[in-house]
Structures are given as C-alpha cells and as structure tokens.
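Here this note's numbering is used: the first residue of the sequence shown is 4, the next is one more, and so on.
Every residue, glycine too, gets a C-beta built ideally from N, C-alpha and C.
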Amino acid sequence: MKTVLKVTSCISIALALSLVYYLIQELMGGMSMLEIDFIPALITLIIISNAVLGFYVLAGKLQPMKPLLVLQILIIIPTCLLIYEFFLKSPMGCS
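Here it is as structure tokens:
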C-alpha cells in the first residue's frame, strides 16, 4: 500500500503542477484574477491541497493510511478529466 500511495502522491503533484501551469498561461493571455469564478477557484484549491498532502506523504511527514489513498484517488480521477479537457480536447470554436 505504501508504494501505491507514493505513486498517487506523485500523480497528484504532477496534475496540480500542470493545472497551475495552465492557469498561469490563461492569466498571461489577458485574463484577470477578477474573472475567475468561485467554483473553479475552489476546485483548484482542492487540487493544490491534494498535491501538498501528496508532498507530505512523499516527505514522510504523514503516515500512509487507506482513507488518504481513497481521498487522493477520488481527487485524481476528476482532475485527469479536467486536464484532458484543457490540453487534449480542441476548443469548441475551432473546427
């Protein structure tokens, strides 16, 4: 279980970094901080906190627990779908 938790922690960190990269790219493209809605900001904070939690697991500050593994997997699955929508799917206006 320890190796699975370490793998999910690494995936959490990688997904959070890619989401933050996409957010920075959007902000550099002319979007302001005031245009960000509450729900996407809350989702971003949840994903970043999951990455911080994964970092603590990798650093050895938190003991591996089964509920922690389930929580990380429940956050990773929708995050993967979100990353797919951002990076791999073409925009609706382009054909």
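Q.
Measuring only the C-alpha atoms, how far is Gly-63 from Ser-15?
A. Along the sequence shown, one-based indexing puts residue 63 at 60. Along the sequence shown, one-based indexing puts residue 15 at 12. Our two residues, Gly-63 and Ser-15, have alpha carbons roughly 16 Å apart in a direct line.
Q) How big is the Cα-Cα spacing for Val-7 and Ile-86? A) Position 4 of the sequence shown, counted from the start, is the residue given in the question as residue 7. Position 83 of the sequence shown, counted from the start, is the residue given in the question as residue 86. Rounded to whole angstroms, Val-7 to Ile-86 spans 22 Å at the Cα level.
- Can you tell which of Thr-82, Gln-66, Leu-72 and Lys-5 has the C-alpha that lies nearest to the C-alpha of Leu-45? Along the sequence shown, read from residue 1 onward, the residue named residue 45 stands at position 42. Taking only the C-alpha atoms, the option nearest Leu-45 is Thr-82.
field: Touching by the beta-carbon criterion (3+ pairs, under 8 Å), the segment 51 to 66 and the segment 25 to 35
entry: no
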